[in-house]
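Residue numbers (this note's numbering): 1341 to 1561. Note that beta-carbon positions come from the ideal geometry of N, C-alpha and C, so glycine has one too.
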């Protein structure tokens, strides 16, 4: 399974393309297409991949603002438009307010999106031959989810955990205590060897963040 990172929007959000290049015909998965949809389509065309699903970790504009456009742009592919899946239903209000969020940042072209379905804790999604378990990790947003491929020791964590940081919680709906608790209860137990990709910047491992992330050290003291 290959993972291609495409930084999108001026916020440089890491849109991901999951594609099993060793198995021709296996549908790809696009995670968090926050914008710059023509660039995403260009990369998909270069890979020759059909998109099977679009996954969303949460409802912020830079993660979900291009999902509706991407779904529509791929309507003509074999099998029709890929469904938008996720996040948890508790982020529905944020998905409905994407245009408002965009205006606050002076951005245009980002649109609200209604998922084809939301996800729930413990649900399993598939990308190629990998099974990804859905974990609900609130705090940055109420309905934020993480996708974990336990067999591959790999996770897609959105804006929950970063290399050297954690997600912002200075929103009216943010909850720093809930975020740190969810990281402690759900992400750290995945194991030190698990690598992850996050919504912004470089990825890391659970072990590296357990040992050196100052926000986790403070929260675990």
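Asked: Length of the line joining the Cα atoms of residue 1440 and residue 1364; Found: 40 Å
Asked: Distance between residue 1552 and residue 1373 (C-alpha atoms, nearest Å); Found: 30 Å
Asked: Residue 1463 (DSSP reduced to helix, strand or coil); Found: coil
Asked: Cross-strand partners of residue 1423 (DSSP beta bridge); Found: According to DSSP, which records beta bridges pairwise, residue 1423 is partnered with nothing at all.
Asked: Beta carbon of residue 1483 nearer than 8 Å to that of residue 1438; Found: no
Asked: The alpha helix (DSSP H) enclosing residue 1435, as first and last residue numbers; Found: 1432-1436
Asked: Whole runs of the beta strand (DSSP E) within the segment 1506-1558, excluding any shorter than 3 residues; Found: 1535-1538
Asked: Short Cβ contact (8 Å threshold) for residue 1465 with residue 1425; Found: yes
Asked: Identified DSSP bridge partners for residue 1347; Found: 1354
Asked: Residue 1472 burial status per 10 Å Cβ neighbour count (16 or more: buried); Found: buried
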